[in-house]
Structures are given as C-alpha cells and as structure tokens.
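Using the UniProt record's numbering, the first residue of the sequence shown is number 1, and each one after it goes up by one.
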Amino acid sequence: MRYQIERVCRIHFAAPAREHHVQIRLAPWDDESQSLLQIQLSVAPDAGVSACRDGFGNLSHHFAVMGAHRELAFTMTAEVETLRSNPFDFPVVAQARERAWIDDALHQAPRLWDFVLHQGPLTPALPEEICGHRVPILREDRPLLDQVQEASAWIQSVTPFDPEVARPVMALPALFDAGRGCAADLAHLLIALMRQWSVPARFVSGYLDASYFDPDDEDPPGTQPREQRLHHWAEVLIPGGGWRGVDPAMGLLADATYMRVAVGRDAGDVQPLRQTCRSDGSVPELEETLAVIPVEPRPE
C-alpha cells in the first residue's frame, strides 16, 4: 500500500524566542518492510535543515532559527510504500530451536541486548503478580509468536486501550490502578513482559491508516472520525521473522497499514519533537495536525 503523510507543527511563543534549536523524528523508515519514496521538510522562518540517523537507525532532522521570532512552523510531507501485507509470512523455525535462534541473533548483533536488559520506570522488572493480576510466564512447549499474541490479549484485558488518553506515560503499577491506558502505555507493558522472558523487544512510534480513526460500530450515528495522531506499538524479535510489530492497543500484528517512524528502548528514545531556545521562560503553545492519505499505486 502507498500513503502520503503530511505532518504540520506550529510552535507559538508569548514573547520573542531566540537561538531556537529543533530536532524532529517524524520521517518513516526505509527498510525491507516499507520504502520511503520521497520526503520534503519546510520551515518558517526559513532555516537550513540537516538530517542524520541516531543510534537506533531513526532518521532525524535538525534546524535552528537564531533570530527573534514568536512562531516557528514546519511541515513534513512524505510518501511511503508499505510492503508487509501478511505479518505471518516468514520462514517458521522449529519450536525446539526458537531459543537457539534468539541466542544466535544476540551473539551476532550484541546491540540487541539493549532491548533485553534495559529497564526503567516505563519498562520495569515485573513481579509475579500486579494488583491482583498474574503476570504471564514463558512456556517452552509453545511457539513464541502464539504466546506473544496471548500476552497482548492479556494486556488488553487488564488495561484496556482508551483513545481519549492522549498523554503517555504512566509507570507501573499505576497503569493497573488506572485500569486504562494510551497506546504507548500498553506497548511499554508488553515490552517489559518480553524482556522478562529474555526476548528482545523495542518501542515503536509510527503512523496508521486513517481508517483506524473512523468511528466504531458502537459509536452513536453521526460520530466524526477521531483526530489522527502518532501511534505506538511494540516490535518483538520473532525467530525466523525478525522484528514483528505487535499492537496491544488494537490487538493486531502490524501489517501494511502500519508505518514505522522511530524505534527505541522506550518512549524516551523516540520523542518526535525536541527543542531548546532562549525566551522569557513561558511554555510555548504547540499545534499539530497529521493526515495519512492512501495513494493509488503509480503505473509501472
């Protein structure tokens, strides 16, 4: 599938700001699961834009406006083709060899240990029980992917996804006390569980097909589509399949309707916008819009 993505951001200041440095991570990845066909980034006031990849392979853009200004705006437009129509399409590794496959991957790429050993408030070590809920344990007699999907369903049952919760991030066990969470919260819980199982797992930010924001069958007639926004899920290293997206918020494996933007150990590694400037100290106002539009395939 092919999509056009437009992300607009406006930053307003109550008093003039100077020496305004901005870093953004909003561009889709370009790899075996999706192709970044084109990207454009415009900034006002005009500023030179530089691009680089961070330590996790994410494409980030940097720019600075040094003179006094009360507003800074940027627009990113990109076109991406997603290639993973069937998330189950990969060579099956015999169940008895799955652990050896993961161990070999860790040996061949030691940096994968970041996605096993990292712990923190967002992805802590889990006890056997949290707020009366037994935490699933890994069984050696069943395929890993089956158990990952069951873990995702378990998360949905104990902390349902609430699209109205817009602000991550809730540390455990507060998430269980609240009884609901945003997509980032649920992804963090799945990642913490996978690391408990010594399986590499990473946090993902990205875009979804616009249809995910349409009203559900349970919504009253006339309900308008929800505002499109950046989504979050987890990727788990699956024997034979490599990194496979698992979305506990939607209860799905990531397919061609998912577009990866950035990956990291947790949400702290993938902040879409970072900025610093000289100003009067008041917090700037931020306005953002996102539009993900399906595009007809180009003629051969």
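The beta carbon of each residue, even a glycine, is placed where N, CA and C say it ideally should be. Everything numeric in this text was worked out from a predicted model, so none of it was measured.
Between which residues of its own chain and residue i is the CB-CB distance below 6 Å, once the five residues before and five after are set aside?
i	result
proline 121	Ala171
glutamine 119	Ala125
glutamine 23	Ser60, His62, Arg274
leucine 144	Glu98
threonine 77	Glu6, Gln40
glutamine 196	Leu126
glutamine 38	Glu79
valine 276	The sequence shown places threonine at residue 276, rather than the valine named in the question. Hits under 6 Å: His21.
alanine 44	Ala73
glutamine 149	none
threonine 223	Pro215
phenylalanine 213	Pro225, Arg226, Gln228
For the alpha helix (DSSP H) holding residue i, just list the boundary residues, first then last.
i	result
phenylalanine 203	Note, phenylalanine 203: premise wrong, no alpha helix (DSSP H); beta strand (DSSP E) at 201-208.
valine 292	Here valine 292 belongs to no alpha helix (DSSP H); instead the beta strand (DSSP E) covers 285-295.
aspartate 247	Note, aspartate 247: premise wrong, no alpha helix (DSSP H); beta strand (DSSP E) at 242-247.
arginine 260	Where arginine 260 is concerned, there is no enclosing alpha helix (DSSP H), although the beta strand (DSSP E) it sits in stretches over 258-264.
valine 158	144-158
glutamate 98	98-108
isoleucine 191	183-196
alanine 178	174-178
aspartate 114	114-117
Take the Cβ of residue i as the centre, count every other Cβ of all protein chains shown within 10 Å, and call the residue buried at 16 or more, exposed below.
i	result
glutamine 40	exposed
glutamate 235	buried
arginine 134	exposed
isoleucine 11	buried
valine 65	buried
histidine 107	exposed
glycine 181	buried
isoleucine 137	exposed
asparagine 58	buried
residue 310	Residue 310 cannot be examined here, being either before or after the span of the chain that is shown, 1 to 300.
phenylalanine 13	buried
aspartate 87	In the sequence as displayed, the identity of residue 87 is proline instead of aspartate. Proline 87 is buried by the Cβ-count criterion.
arginine 167	exposed
leucine 290	buried
Under 8 Å between the Cβ atoms of residue i and residue j?
i	j	result
arginine 205	leucine 230	According to the sequence as given, residue 205 is serine; it is not arginine. Yes, they are a contact pair.
alanine 73	phenylalanine 161	no
alanine 253	valine 246	It should be noted that the sequence gives leucine, not alanine, for residue 253. Yes, the Cβ-Cβ distance between leucine 253 and valine 246 is below 8 Å.
isoleucine 155	leucine 190	yes
valine 292	tyrosine 207	yes
alanine 256	arginine 84	yes
alanine 151	leucine 193	yes
glutamate 81	arginine 278	no
proline 28	arginine 226	no
phenylalanine 177	cysteine 131	Note that residue 177 is aspartate in the sequence shown here, rather than phenylalanine. Yes, the pair counts as a contact, with Cβ atoms nearer than the cut-off.
glutamate 288	valine 49	no
tyrosine 3	proline 294	yes
glycine 251	alanine 96	no
I'd like the list of long-range same chain contacts for residue i, defined as Cβ closer than 8 Å, with 5 residues on each side in sequence excluded.
i	result
glycine 240	Phe90, Pro91, Val92, Val93, Trp101
proline 16	Ala68, His69, Arg70, Ser279
proline 272	Ile24, Arg25, Leu26, Ser205, Leu230, Val261, Ala262
alanine 47	Phe63, Ala64, Val65
Would you give the residue range spanned by the beta strand (DSSP E) that residue i belongs to?
i	result
isoleucine 238	231-238
residue 310	The question about residue 310 has no answer, for the chain in this structure spans 1 to 300.
Excluding the 5 residues flanking residue i on each side, which residues of the same chain have their C-beta closer than 7 Å to its C-beta?
i	result
leucine 186	Ile155, Thr159, Phe161, Pro248, Ala249
leucine 115	Residue identity check: residue 115 is phenylalanine in the sequence provided, not leucine. So the list reads Pro200, Ala201, Arg202, Arg265, once near-sequence residues are dropped.
glutamine 34	Pro28, Val80, Glu81, Thr82, Leu83, Met259, Arg260
proline 163	Arg226
Taking 8 Å as the CB-CB cut-off, is residue i touching chain D?
i	result
proline 110	In the displayed structure, chain D is absent; only one protein chain is listed.
- Task: At 4 residues or longer, and completely inside the stretch 15-93: list those alpha helix (DSSP H) runs for me, N to C.
- Result: Counting whole runs of 4 or more residues, the stretch 15-93 contains no alpha helix (DSSP H) stretch at all.
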